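**Student:** Quick note on numbering: the sequence shown equals residues 2 to 203 in our numbering. Okay, handing you the structure first.
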Amino acid sequence: MHPAASFRPEGREALLAHLASHPFVAVFAVAEAGPRVAHSPAVVRTGGGGLALDFHLSRSNGLTATFAAGAPALAVSQGPDAYVSPDWYELADQVPTWNYVAVEAEGDVSPLDEAGLVALLDDLSAQEEARLAPKPPWTRGKMSPGRFEAMLRGIQGFRLQVRRLEGTFKLSQNKPPGERARVAEALAGRPIARLMGRGASD
């Protein structure tokens with residue numbers, strides 16, 4: 002995470018909202034062969050004051066055995082980003098930079114049992130199908146009998162129990178309001194420009 006406090010959102014709500022809208026995460030861990038990363042859509046689990054990310058991997062993925070053994074991991078959700086040109090500022094002697102949004106979730110990973118994996122897949126498809134409304138949602142009930150169960154054998158579900166959740170919302174907060182507005186105008190039409198208009202904690 003960026004060390005500047007001005008780029009950190011206030012409160013957990015902005016971080017959870019980002020994870021909900023950007024659920025595809027990169028999950029990093031150290032395997033026997035060295036540092037590795039896997040990519041997976043995730044479902045956020047809250048309850049009892051805790052926070053977890055459920056995700057799944059192919060059983061042939063290099064990190065599956067590592068996570069099955071209970072290794073710690075770092076999941077990163079990337080949001081919109083953009084290059085910022087010094088030409089967009091009225092201030093002199095500026096340098097190029099990059100605006101971006103990213104959220105990190107760190108914790109220990111444990112495998113899900115079959116019931117947990119099925120619940121994850123059902124919740125994941127419901128979560129993503131809802132974004133496609135008004136299309137009628139897809140469910141596994143549309144699959145041929147036995148096909149879902151056969152495919153289930155090729156994947157493993159996991160839960161990352163989050164003990165650290167941090168985010169960077171670098172949106173030119175370190176610049177005067179007029180300069181920030183000029184950058185947002187130059188990036189008009191890009192998703193990050195809308196975030197710049199709202200602020201890091203909205």
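A virtual CB, placed ideally from N, CA and C, is assigned to each residue, including glycine. Source: prediction; values computed, not measured.
(1) Looking at the strands, I want to know which residues DSSP matches up with S78.
(2) Between which two residues does the alpha helix (DSSP H) holding F68 run?
(3) Around the Cβ of A39, are there at least 16 other Cβ atoms within 10 angstroms (buried) or fewer (exposed)?
(4) Going straight from the alpha carbon of F8 to that of V31, what length do you get?
(5) In terms of DSSP beta bridges, what is P192 paired with?
(6) With H, G and I counted as helix, E and B as strand and the rest as coil, what does DSSP make of E14?
(7) Under three-state DSSP, which class holds H23?
(8) Per DSSP, what kind of secondary structure is P178 in: helix, strand or coil?
(9) Would you please state the rounded distance, in angstroms, between the beta carbons of Q174 and A53? I believe it to be under 8 Å.
(10) Looking only at its own chain, which residues have a Cβ that is under 7 Å from the Cβ of W139, when we skip the five neighbours before and after it?
(11) What separation, rounded to the nearest whole angstrom, lies between the Cα atoms of S202 and L17?
(12) Do M197 and A185 have their beta-carbon atoms positioned less than 7 Å apart in this structure?
**Tutor:** So, from the data block:
(1) V104
(2) 65-69
(3) buried
(4) 28 Å
(5) Answer by DSSP bridge pairing: none, since P192 is not bridged.
(6) helix
(7) coil
(8) helix
(9) The Cβ separation is near 30 Å, so there is no contact.
(10) S126, E130
(11) Caution applies to S202, whose pLDDT of 43 falls short of 50 and renders its modelled position unreliable; the value that the coordinates give is listed next. Distance between the alpha carbons of S202 and L17: 11 Å.
(12) yes
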